[in-house]
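Taking this note's numbering, the leading residue of the sequence shown gets 1072, the next gets one more, and so forth.
By construction, the Cβ of each residue, glycine as well, lies at the ideal position given by its N, Cα and C atoms.
Source: prediction; values computed, not measured.
Worksheet: one structure, shown below.
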Amino acid sequence: MREALRRLRTLPIRSRLALLVAVAVACAVTTAAVACWFVVRNVLVDSLDSALQANRMSLPQVARYVDLETGLCARESSPREQNPFGSSVQLLDRQGQSCLIIGTEELTLTDADHAVAEGDAPDALHNATGDDGTKYRVYTYTVPGLRGVAVSAARPLSEVNSSLSNLALVLVFVAGAGVVGAGAAGLWVARTGLRPVDRLTEAVEHVARTEDLAVRIPVDDDSDDEIARLSRSFNSMTSSLASSRDLQQQLIADAGHELRTPLTSLRTNIELLTRSEETGRPIPEADRKALLASVKAQMSELAALIGDLQELSRPDIGQYSGRTRIIAWQDIVESALRRARLRGPELTIHADVRPWYVRGEPAALERAVVNILDNAVKFSPEGGTVDVRLADGVLTVRDHGPGIPADELPHVFDRFWRSPSARSLPGSGLGLSIVARTIQQAGGQVILSPAPDGAGGTVATVRLPGAPVPPPDATGLDGVAG
(Lines of atoms letter the chains of each structure in order from A and count residues from 1; the text may use other names and numbers.)
(Lines give C-alpha, C1' and ligand atoms only; values in the text may rest on other atoms or scores of the structure.)
Protein backbone atom coordinates (compact mmCIF):
# COMPACT_ATOMS: atom_id res chain seq x y z
CA MET A 1 0.00 0.00 0.00
CA ARG A 2 2.78 2.40 0.89
CA GLU A 3 4.61 1.55 -2.31
CA ALA A 4 1.47 2.24 -4.33
CA LEU A 5 1.00 5.59 -2.61
CA ARG A 6 4.64 6.46 -3.20
CA ARG A 7 4.32 5.66 -6.89
CA LEU A 8 1.10 7.66 -7.06
CA ARG A 9 2.90 10.72 -5.67
CA THR A 10 5.56 10.43 -8.37
CA LEU A 11 3.00 10.72 -11.18
CA PRO A 12 2.35 14.10 -12.82
CA ILE A 13 -0.55 15.94 -11.27
CA ARG A 14 -2.67 15.64 -14.44
CA SER A 15 -2.17 11.85 -14.40
CA ARG A 16 -3.11 11.74 -10.73
CA LEU A 17 -6.25 13.78 -11.38
CA ALA A 18 -7.26 11.54 -14.30
CA LEU A 19 -6.60 8.43 -12.22
CA LEU A 20 -8.54 9.76 -9.24
CA VAL A 21 -11.47 10.73 -11.47
CA ALA A 22 -11.45 7.28 -13.07
CA VAL A 23 -11.32 5.56 -9.68
CA ALA A 24 -14.10 7.75 -8.31
CA VAL A 25 -16.30 7.10 -11.34
CA ALA A 26 -15.47 3.38 -11.20
CA CYS A 27 -16.56 3.23 -7.56
CA ALA A 28 -19.75 5.17 -8.30
CA VAL A 29 -20.60 3.12 -11.39
CA THR A 30 -19.82 -0.16 -9.63
CA THR A 31 -21.98 0.78 -6.67
CA ALA A 32 -24.83 1.84 -8.96
CA ALA A 33 -24.48 -1.33 -11.06
CA VAL A 34 -24.52 -3.63 -8.03
CA ALA A 35 -27.50 -1.78 -6.55
CA CYS A 36 -29.29 -1.96 -9.90
CA TRP A 37 -28.60 -5.70 -10.18
CA PHE A 38 -30.01 -6.43 -6.73
CA VAL A 39 -33.05 -4.21 -7.31
CA VAL A 40 -33.83 -5.91 -10.62
CA ARG A 41 -33.27 -9.35 -9.06
CA ASN A 42 -35.72 -8.59 -6.27
CA VAL A 43 -38.25 -7.24 -8.77
CA LEU A 44 -37.94 -10.33 -10.97
CA VAL A 45 -38.22 -12.70 -8.00
CA ASP A 46 -41.25 -10.76 -6.74
CA SER A 47 -42.76 -10.99 -10.22
CA LEU A 48 -42.17 -14.76 -10.25
CA ASP A 49 -43.76 -15.06 -6.80
CA SER A 50 -46.73 -12.99 -7.95
CA ALA A 51 -47.17 -15.23 -11.00
CA LEU A 52 -47.16 -18.36 -8.80
CA GLN A 53 -49.59 -16.81 -6.32
CA ALA A 54 -51.89 -15.49 -9.03
CA ASN A 55 -52.19 -18.91 -10.73
CA ARG A 56 -53.37 -20.99 -7.83
CA MET A 57 -55.20 -24.20 -8.72
CA SER A 58 -58.92 -24.33 -7.90
CA LEU A 59 -60.72 -27.14 -6.13
CA PRO A 60 -62.04 -28.82 -9.33
CA GLN A 61 -58.56 -28.64 -10.88
CA VAL A 62 -57.00 -30.39 -7.89
CA ALA A 63 -59.87 -32.82 -7.20
CA ARG A 64 -59.36 -34.75 -10.40
CA TYR A 65 -55.95 -35.78 -9.14
CA VAL A 66 -57.17 -36.81 -5.70
CA ASP A 67 -58.89 -40.03 -4.68
CA LEU A 68 -59.34 -40.14 -0.95
CA GLU A 69 -59.79 -43.96 -1.00
CA THR A 70 -56.92 -45.01 -3.24
CA GLY A 71 -54.48 -42.14 -2.56
CA LEU A 72 -53.47 -38.69 -3.69
CA CYS A 73 -52.77 -39.29 -7.33
CA ALA A 74 -55.90 -40.58 -9.10
CA ARG A 75 -54.35 -40.21 -12.55
CA GLU A 76 -50.92 -40.08 -14.05
CA SER A 77 -48.95 -36.87 -14.16
CA SER A 78 -48.89 -34.81 -17.32
CA PRO A 79 -45.30 -33.79 -18.00
CA ARG A 80 -46.10 -31.95 -21.22
CA GLU A 81 -49.34 -30.42 -20.15
CA GLN A 82 -49.38 -26.68 -20.86
CA ASN A 83 -50.68 -24.84 -17.84
CA PRO A 84 -49.97 -21.67 -15.93
CA PHE A 85 -49.65 -23.38 -12.58
CA GLY A 86 -45.95 -24.11 -12.77
CA SER A 87 -43.48 -26.34 -14.55
CA SER A 88 -43.67 -28.76 -11.63
CA VAL A 89 -46.71 -29.24 -9.39
CA GLN A 90 -46.89 -31.68 -6.45
CA LEU A 91 -49.58 -32.63 -3.97
CA LEU A 92 -48.86 -33.55 -0.36
CA ASP A 93 -51.01 -34.52 2.62
CA ARG A 94 -50.76 -34.47 6.38
CA GLN A 95 -49.18 -37.88 6.47
CA GLY A 96 -46.25 -36.64 4.43
CA GLN A 97 -47.23 -38.44 1.24
CA SER A 98 -46.68 -36.56 -2.00
CA CYS A 99 -47.12 -37.11 -5.72
CA LEU A 100 -46.15 -35.22 -8.88
CA ILE A 101 -49.17 -34.24 -10.95
CA ILE A 102 -47.56 -31.88 -13.49
CA GLY A 103 -43.99 -31.91 -14.79
CA THR A 104 -41.11 -34.37 -14.59
CA GLU A 105 -39.01 -33.02 -11.72
CA GLU A 106 -40.15 -34.06 -8.25
CA LEU A 107 -38.67 -31.72 -5.66
CA THR A 108 -37.81 -32.54 -2.10
CA LEU A 109 -40.41 -30.92 0.15
CA THR A 110 -39.37 -29.02 3.25
CA ASP A 111 -40.80 -28.59 6.72
CA ALA A 112 -42.41 -25.37 5.59
CA ASP A 113 -44.36 -27.28 2.92
CA HIS A 114 -45.50 -29.94 5.41
CA ALA A 115 -46.57 -27.19 7.84
CA VAL A 116 -48.89 -25.84 5.14
CA ALA A 117 -50.41 -29.31 4.57
CA GLU A 118 -50.94 -29.80 8.28
CA GLY A 119 -52.70 -26.44 8.51
CA ASP A 120 -50.03 -24.75 10.65
CA ALA A 121 -49.24 -22.14 7.98
CA PRO A 122 -51.39 -20.55 5.24
CA ASP A 123 -48.71 -20.81 2.51
CA ALA A 124 -44.94 -20.88 1.99
CA LEU A 125 -42.43 -19.43 -0.53
CA HIS A 126 -38.85 -20.76 -0.78
CA ASN A 127 -36.12 -21.92 -3.14
CA ALA A 128 -35.39 -25.57 -3.90
CA THR A 129 -32.89 -27.52 -6.01
CA GLY A 130 -33.86 -30.41 -8.29
CA ASP A 131 -31.96 -33.66 -8.75
CA ASP A 132 -30.34 -32.27 -11.91
CA GLY A 133 -29.16 -29.16 -10.07
CA THR A 134 -31.84 -26.83 -11.44
CA LYS A 135 -32.97 -24.19 -8.97
CA TYR A 136 -36.69 -23.59 -8.52
CA ARG A 137 -38.94 -21.11 -6.82
CA VAL A 138 -41.55 -23.08 -4.85
CA TYR A 139 -44.97 -21.86 -3.67
CA THR A 140 -46.96 -24.19 -1.38
CA TYR A 141 -50.62 -23.37 -0.56
CA THR A 142 -53.91 -24.97 0.42
CA VAL A 143 -57.05 -25.19 -1.67
CA PRO A 144 -60.33 -24.09 -0.04
CA GLY A 145 -62.72 -27.05 0.36
CA LEU A 146 -59.92 -29.63 0.30
CA ARG A 147 -58.69 -30.35 3.80
CA GLY A 148 -55.40 -32.05 4.60
CA VAL A 149 -53.97 -31.58 1.11
CA ALA A 150 -51.57 -28.84 -0.07
CA VAL A 151 -50.40 -27.91 -3.56
CA SER A 152 -46.70 -27.17 -4.14
CA ALA A 153 -46.10 -25.37 -7.46
CA ALA A 154 -42.55 -24.64 -8.68
CA ARG A 155 -41.04 -22.62 -11.52
CA PRO A 156 -37.37 -22.63 -12.46
CA LEU A 157 -35.29 -19.62 -11.36
CA SER A 158 -33.66 -19.65 -14.79
CA GLU A 159 -36.49 -17.36 -15.81
CA VAL A 160 -34.94 -14.81 -13.47
CA ASN A 161 -31.28 -15.76 -13.72
CA SER A 162 -31.14 -15.54 -17.51
CA SER A 163 -32.42 -11.98 -17.39
CA LEU A 164 -30.00 -11.17 -14.57
CA SER A 165 -27.09 -12.60 -16.55
CA ASN A 166 -27.97 -10.44 -19.53
CA LEU A 167 -28.34 -7.45 -17.23
CA ALA A 168 -24.96 -8.18 -15.63
CA LEU A 169 -23.28 -8.22 -19.05
CA VAL A 170 -24.89 -4.91 -19.96
CA LEU A 171 -23.89 -3.35 -16.63
CA VAL A 172 -20.31 -4.56 -16.95
CA PHE A 173 -20.05 -3.13 -20.45
CA VAL A 174 -21.64 0.17 -19.43
CA ALA A 175 -19.47 0.40 -16.30
CA GLY A 176 -16.30 -0.34 -18.27
CA ALA A 177 -17.19 2.22 -20.90
CA GLY A 178 -18.03 4.72 -18.18
CA VAL A 179 -14.71 4.21 -16.42
CA VAL A 180 -12.73 4.53 -19.66
CA GLY A 181 -14.73 7.59 -20.63
CA ALA A 182 -14.29 9.08 -17.17
CA GLY A 183 -10.54 8.50 -17.33
CA ALA A 184 -10.34 10.20 -20.73
CA ALA A 185 -12.58 13.04 -19.58
CA GLY A 186 -10.54 13.40 -16.39
CA LEU A 187 -7.32 13.58 -18.38
CA TRP A 188 -8.84 16.18 -20.70
CA VAL A 189 -10.20 18.22 -17.79
CA ALA A 190 -6.85 17.99 -16.00
CA ARG A 191 -4.96 19.15 -19.08
CA THR A 192 -7.42 21.96 -19.72
CA GLY A 193 -7.59 23.04 -16.09
CA LEU A 194 -3.83 22.89 -15.58
CA ARG A 195 -2.95 24.73 -18.77
CA PRO A 196 -2.81 28.07 -16.87
CA VAL A 197 -0.57 26.37 -14.30
CA ASP A 198 1.69 25.25 -17.16
CA ARG A 199 1.88 28.84 -18.36
CA LEU A 200 2.66 29.98 -14.84
CA THR A 201 5.37 27.31 -14.54
CA GLU A 202 6.90 28.38 -17.83
CA ALA A 203 6.87 32.00 -16.69
CA VAL A 204 8.54 31.12 -13.37
CA GLU A 205 11.17 29.03 -15.15
CA HIS A 206 11.75 31.88 -17.60
CA VAL A 207 12.25 34.34 -14.75
CA ALA A 208 14.59 31.93 -12.94
CA ARG A 209 16.58 31.37 -16.15
CA THR A 210 16.75 34.93 -17.50
CA GLU A 211 15.93 37.11 -14.44
CA ASP A 212 13.45 38.91 -16.70
CA LEU A 213 10.90 40.41 -14.32
CA ALA A 214 8.88 42.00 -17.11
CA VAL A 215 7.02 38.72 -17.70
CA ARG A 216 3.28 38.91 -17.12
CA ILE A 217 0.63 36.20 -17.35
CA PRO A 218 -2.60 37.17 -19.19
CA VAL A 219 -5.55 37.16 -16.80
CA ASP A 220 -9.23 37.54 -17.58
CA ASP A 221 -10.47 40.54 -15.62
CA ASP A 222 -13.89 38.94 -15.17
CA SER A 223 -12.48 35.72 -13.73
CA ASP A 224 -12.01 35.29 -9.99
CA ASP A 225 -11.18 31.57 -9.69
CA GLU A 226 -8.09 30.12 -8.01
CA ILE A 227 -6.02 30.13 -11.22
CA ALA A 228 -6.85 33.77 -11.93
CA ARG A 229 -5.99 34.75 -8.37
CA LEU A 230 -2.71 32.83 -8.59
CA SER A 231 -1.87 34.53 -11.89
CA ARG A 232 -2.65 37.97 -10.45
CA SER A 233 -0.51 37.19 -7.41
CA PHE A 234 2.37 36.14 -9.68
CA ASN A 235 2.03 39.31 -11.76
CA SER A 236 1.92 41.40 -8.60
CA MET A 237 4.99 39.59 -7.23
CA THR A 238 7.04 40.10 -10.40
CA SER A 239 5.94 43.73 -10.55
CA SER A 240 7.01 44.26 -6.93
CA LEU A 241 10.33 42.48 -7.55
CA ALA A 242 10.95 44.58 -10.66
CA SER A 243 10.14 47.76 -8.73
CA SER A 244 12.37 46.64 -5.86
CA ARG A 245 15.23 45.89 -8.25
CA ASP A 246 14.78 49.26 -9.96
CA LEU A 247 14.85 50.99 -6.58
CA GLN A 248 17.92 49.00 -5.60
CA GLN A 249 19.71 49.94 -8.82
CA GLN A 250 18.64 53.55 -8.39
CA LEU A 251 19.91 53.50 -4.80
CA ILE A 252 23.25 52.08 -5.93
CA ALA A 253 23.51 54.65 -8.72
CA ASP A 254 22.57 57.54 -6.42
CA ALA A 255 24.88 56.29 -3.68
CA GLY A 256 27.72 56.03 -6.18
CA HIS A 257 27.03 59.55 -7.39
CA GLU A 258 26.90 60.94 -3.85
CA LEU A 259 30.05 59.07 -2.81
CA ARG A 260 31.99 60.24 -5.87
CA THR A 261 32.02 63.92 -4.87
CA PRO A 262 33.52 63.61 -1.34
CA LEU A 263 35.87 60.85 -2.49
CA THR A 264 37.13 62.98 -5.38
CA SER A 265 37.66 65.95 -3.11
CA LEU A 266 39.27 63.76 -0.45
CA ARG A 267 41.59 62.19 -3.02
CA THR A 268 42.61 65.63 -4.34
CA ASN A 269 43.45 66.92 -0.89
CA ILE A 270 45.43 63.81 0.04
CA GLU A 271 47.33 63.97 -3.27
CA LEU A 272 48.26 67.58 -2.53
CA LEU A 273 49.56 66.63 0.91
CA THR A 274 51.41 63.61 -0.50
CA ARG A 275 53.00 65.61 -3.33
CA SER A 276 54.16 68.21 -0.83
CA GLU A 277 55.91 65.47 1.15
CA GLU A 278 57.41 63.87 -1.96
CA THR A 279 58.75 67.11 -3.52
CA GLY A 280 59.93 68.61 -0.26
CA ARG A 281 58.04 71.83 -0.88
CA PRO A 282 56.01 72.48 2.22
CA ILE A 283 52.49 73.82 1.99
CA PRO A 284 51.87 77.06 3.92
CA GLU A 285 50.62 76.30 7.42
CA ALA A 286 47.30 78.00 6.90
CA ASP A 287 46.67 76.10 3.68
CA ARG A 288 47.79 72.88 5.34
CA LYS A 289 45.33 73.37 8.18
CA ALA A 290 42.57 74.14 5.66
CA LEU A 291 43.40 70.95 3.73
CA LEU A 292 43.34 68.86 6.91
CA ALA A 293 40.08 70.45 7.99
CA SER A 294 38.62 69.68 4.56
CA VAL A 295 39.82 66.07 4.79
CA LYS A 296 38.22 65.76 8.21
CA ALA A 297 34.94 67.25 6.99
CA GLN A 298 34.87 64.95 3.97
CA MET A 299 35.56 61.94 6.19
CA SER A 300 32.67 62.97 8.44
CA GLU A 301 30.45 63.42 5.40
CA LEU A 302 31.42 59.94 4.14
CA ALA A 303 30.74 58.42 7.55
CA ALA A 304 27.34 60.11 7.73
CA LEU A 305 26.48 58.98 4.20
CA ILE A 306 27.50 55.39 4.93
CA GLY A 307 25.47 55.44 8.13
CA ASP A 308 22.41 56.70 6.23
CA LEU A 309 22.84 53.99 3.61
CA GLN A 310 23.06 51.34 6.32
CA GLU A 311 19.89 52.68 7.89
CA LEU A 312 18.03 52.54 4.57
CA SER A 313 19.31 49.03 3.82
CA ARG A 314 17.79 47.61 6.99
CA PRO A 315 14.75 45.32 6.53
CA ASP A 316 11.29 46.46 7.50
CA ILE A 317 10.60 46.88 11.18
CA GLY A 318 8.27 43.87 11.02
CA GLN A 319 11.34 41.67 10.76
CA TYR A 320 12.84 43.37 13.81
CA SER A 321 9.77 43.32 16.03
CA GLY A 322 11.97 42.26 18.94
CA ARG A 323 13.47 45.79 18.98
CA THR A 324 10.12 47.56 19.30
CA ARG A 325 8.74 48.37 22.70
CA ILE A 326 6.62 50.86 24.56
CA ILE A 327 8.69 54.05 24.90
CA ALA A 328 8.23 57.53 26.31
CA TRP A 329 8.05 59.65 23.16
CA GLN A 330 8.72 62.82 25.17
CA ASP A 331 12.05 61.38 26.40
CA ILE A 332 13.09 60.63 22.82
CA VAL A 333 12.26 64.21 21.78
CA GLU A 334 14.13 65.69 24.78
CA SER A 335 17.22 63.62 23.95
CA ALA A 336 17.12 64.79 20.32
CA LEU A 337 16.70 68.41 21.50
CA ARG A 338 19.87 68.18 23.60
CA ARG A 339 21.81 67.02 20.56
CA ALA A 340 20.28 69.73 18.36
CA ARG A 341 21.24 72.49 20.85
CA LEU A 342 24.87 71.32 20.69
CA ARG A 343 24.86 71.51 16.89
CA GLY A 344 23.30 74.99 16.73
CA PRO A 345 24.34 76.87 19.85
CA GLU A 346 23.65 80.23 18.18
CA LEU A 347 19.99 79.31 17.71
CA THR A 348 17.16 79.55 20.21
CA ILE A 349 15.06 76.41 20.50
CA HIS A 350 11.68 76.76 22.23
CA ALA A 351 10.30 73.42 23.37
CA ASP A 352 6.91 72.41 24.80
CA VAL A 353 6.99 68.66 25.32
CA ARG A 354 4.17 66.76 27.00
CA PRO A 355 3.96 63.05 27.85
CA TRP A 356 3.06 60.58 25.12
CA TYR A 357 3.81 56.85 24.96
CA VAL A 358 4.21 54.99 21.69
CA ARG A 359 5.42 51.62 20.42
CA GLY A 360 8.58 51.76 18.34
CA GLU A 361 12.33 51.31 18.18
CA PRO A 362 13.98 53.94 20.40
CA ALA A 363 17.20 54.42 18.42
CA ALA A 364 15.41 54.70 15.06
CA LEU A 365 12.83 57.19 16.37
CA GLU A 366 15.51 59.33 18.00
CA ARG A 367 17.48 59.39 14.74
CA ALA A 368 14.32 60.49 12.91
CA VAL A 369 13.74 63.40 15.33
CA VAL A 370 17.42 64.37 15.13
CA ASN A 371 17.21 64.48 11.32
CA ILE A 372 14.15 66.73 11.47
CA LEU A 373 15.86 69.06 13.98
CA ASP A 374 19.09 69.05 11.91
CA ASN A 375 17.12 70.30 8.89
CA ALA A 376 15.50 73.00 11.01
CA VAL A 377 18.91 74.07 12.38
CA LYS A 378 20.55 73.90 8.93
CA PHE A 379 18.00 76.20 7.25
CA SER A 380 17.45 78.62 10.15
CA PRO A 381 19.14 82.01 9.88
CA GLU A 382 21.87 82.88 12.35
CA GLY A 383 20.33 83.88 15.67
CA GLY A 384 16.95 82.50 14.60
CA THR A 385 14.53 80.36 16.57
CA VAL A 386 13.13 76.84 16.23
CA ASP A 387 9.79 75.98 17.83
CA VAL A 388 9.23 72.39 18.99
CA ARG A 389 5.94 71.17 20.44
CA LEU A 390 4.70 67.68 21.40
CA ALA A 391 1.06 67.46 22.45
CA ASP A 392 -1.51 64.66 22.05
CA GLY A 393 0.92 62.58 20.03
CA VAL A 394 1.57 65.33 17.44
CA LEU A 395 5.15 66.58 17.19
CA THR A 396 5.69 69.86 15.27
CA VAL A 397 9.06 71.40 14.44
CA ARG A 398 8.88 74.86 12.92
CA ASP A 399 11.88 76.85 11.66
CA HIS A 400 12.01 80.43 10.39
CA GLY A 401 14.20 79.81 7.37
CA PRO A 402 13.51 80.42 3.67
CA GLY A 403 10.98 77.55 3.48
CA ILE A 404 10.47 74.98 0.76
CA PRO A 405 8.91 75.94 -2.58
CA ALA A 406 5.54 74.31 -3.24
CA ASP A 407 6.79 72.49 -6.34
CA GLU A 408 9.58 70.83 -4.30
CA LEU A 409 7.43 69.57 -1.41
CA PRO A 410 6.41 66.29 -3.18
CA HIS A 411 10.11 65.33 -3.51
CA VAL A 412 11.44 66.10 -0.04
CA PHE A 413 11.19 62.45 1.13
CA ASP A 414 12.83 60.96 -1.99
CA ARG A 415 16.23 59.36 -1.56
CA PHE A 416 19.19 61.59 -2.44
CA TRP A 417 16.89 64.43 -3.44
CA ARG A 418 18.21 67.84 -2.52
CA SER A 419 16.78 71.25 -3.24
CA PRO A 420 18.84 73.22 -5.78
CA SER A 421 19.19 75.99 -3.19
CA ALA A 422 20.62 73.50 -0.64
CA ARG A 423 23.21 71.69 -2.73
CA SER A 424 25.99 73.80 -1.28
CA LEU A 425 25.04 72.80 2.27
CA PRO A 426 26.32 69.60 3.89
CA GLY A 427 24.13 66.52 3.75
CA SER A 428 23.47 63.38 1.75
CA GLY A 429 19.82 63.83 0.82
CA LEU A 430 18.85 60.76 2.83
CA GLY A 431 17.82 62.31 6.14
CA LEU A 432 14.16 62.94 5.38
CA SER A 433 13.89 59.63 3.53
CA ILE A 434 15.02 57.91 6.73
CA VAL A 435 12.50 59.97 8.71
CA ALA A 436 9.60 58.95 6.46
CA ARG A 437 10.60 55.25 6.55
CA THR A 438 10.98 55.19 10.34
CA ILE A 439 7.71 56.99 11.08
CA GLN A 440 5.77 54.79 8.65
CA GLN A 441 7.20 51.65 10.24
CA ALA A 442 6.02 52.94 13.63
CA GLY A 443 2.50 53.33 12.21
CA GLY A 444 2.66 57.13 12.02
CA GLN A 445 2.73 59.91 9.46
CA VAL A 446 5.15 62.76 8.70
CA ILE A 447 4.31 65.88 6.66
CA LEU A 448 6.34 68.93 5.65
CA SER A 449 4.40 72.09 4.84
CA PRO A 450 4.94 75.85 4.69
CA ALA A 451 4.40 77.79 7.89
CA PRO A 452 0.70 78.66 8.19
CA ASP A 453 1.22 82.25 9.39
CA GLY A 454 2.96 83.32 6.18
CA ALA A 455 6.07 84.44 8.04
CA GLY A 456 8.33 82.00 6.19
CA GLY A 457 9.84 78.76 7.30
CA THR A 458 8.74 75.14 7.25
CA VAL A 459 6.66 73.05 9.66
CA ALA A 460 7.43 69.34 10.05
CA THR A 461 4.49 67.43 11.58
CA VAL A 462 4.87 63.90 12.98
CA ARG A 463 1.88 61.91 14.21
CA LEU A 464 2.35 58.66 16.09
CA PRO A 465 -0.40 56.46 17.63
CA GLY A 466 -0.11 56.12 21.38
CA ALA A 467 -1.52 57.28 24.70
CA PRO A 468 -0.73 60.00 27.28
CA VAL A 469 -0.15 57.34 29.95
CA PRO A 470 1.81 54.10 29.69
CA PRO A 471 -0.17 50.83 29.42
CA PRO A 472 -0.30 48.61 32.53
CA ASP A 473 1.98 45.96 30.97
CA ALA A 474 4.74 48.45 30.02
CA THR A 475 6.75 48.07 33.23
CA GLY A 476 10.45 47.68 32.59
CA LEU A 477 10.34 48.89 28.97
CA ASP A 478 12.44 51.76 27.62
CA GLY A 479 11.28 55.20 28.59
CA VAL A 480 8.59 53.88 30.93
CA ALA A 481 9.87 52.23 34.08
CA GLY A 482 13.28 50.86 33.34
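Considering just the uninterrupted stretch of the alpha helix (DSSP H) at PRO1131, what are its terminal residues? 1130-1134
Can you tell me which of GLY1167, ILE1172 and GLU1176 puts its alpha carbon nearest to the alpha carbon of ALA1183? GLY1167
Between the C-alpha atoms of PRO1227 and GLY1254, what's the straight-line distance to the nearest angstrom? 41 angstroms
Nearest-angstrom Cα separation, counted from PRO1267 out to GLU1479: 46 angstroms
Using the three-state DSSP reduction, which class does THR1339 fall into: helix, strand or coil? helix
If I measure Cβ to Cβ from ARG1280 and keep anything under 6 angstroms in the same chain, skipping five residues before and after, which residues do I get? none
So what does LYS1449 bridge to, in DSSP terms? Paired residue(s): none; LYS1449 is not in a bridge.
Give the DSSP-derived three-state secondary structure of ILE1443 in the structure shown. helix
Considering only their Cβ atoms, is the gap separating TYR1428 from ALA1313 smaller than 7 angstroms? no
Reference VAL1440, options SER1365, ALA1188, VAL1096 and VAL1533, closest by Cα: VAL1533
Could you check what DSSP says for ARG1087 in three-state terms: helix, strand or coil? helix
Hey, quick one: how far does the alpha helix (DSSP H) through ILE1505 stretch, first residue to last? 1502-1512
Starting from ILE1172 and walking both ways along the beta strand (DSSP E), at which residues does that stretch end? 1169-1173
Beta carbon of CYS1170 nearer than 7 angstroms to that of LEU1162: yes
Distance between beta carbons of GLY1249 and VAL1096, contact taken as under 8 angstroms: 6 angstroms
If you run the structure through DSSP and keep just helix, strand and coil, what is GLY1327? helix
I need the straight-line Cα distance from LEU1408 to SER1371, nearest angstrom please. 21 angstroms
List the endpoints of the continuous alpha helix (DSSP H) containing GLY1247. 1229-1281
Helix or strand or just coil, what does DSSP make of ALA1526? coil
Going by beta carbon distance, what residues of the same chain come within less than 6 angstroms of GLN1516, once the five residues before and after it are set aside? ARG1534
DSSP puts ASP1182 in a beta bridge; with which residues? The partner list for ASP1182 (beta bridge, DSSP) is empty, contrary to what the question assumes.
Give me, in chain order, the residues of the same chain whose beta-carbon lies closer than 6 angstroms to that of LEU1503; leave out the 5 immediate sequence neighbours on both sides. VAL1483 and PHE1484
Burial state of TRP1259 (16 or more Cβ within 10 Å): exposed
Compare the Cα-Cα distances from ALA1436 to each of ALA1447, PRO1476 and ALA1507 and report the closest residue. In the sequence under discussion, the amino acid at residue 1436 is Leu, which differs from the Ala named in the question. Residue ALA1507 is the option with its Cα nearest to LEU1436.
THR1213 burial status per 10 Å Cβ neighbour count (16 or more: buried): buried
How is the beta strand (DSSP E) around ASP1485 delimited, first residue to last? No beta strand (DSSP E) holds ASP1485; DSSP gives it neither H nor E.
Using the DSSP secondary-structure output, state which residues sit across from LYS1206 in a beta bridge. THR1200
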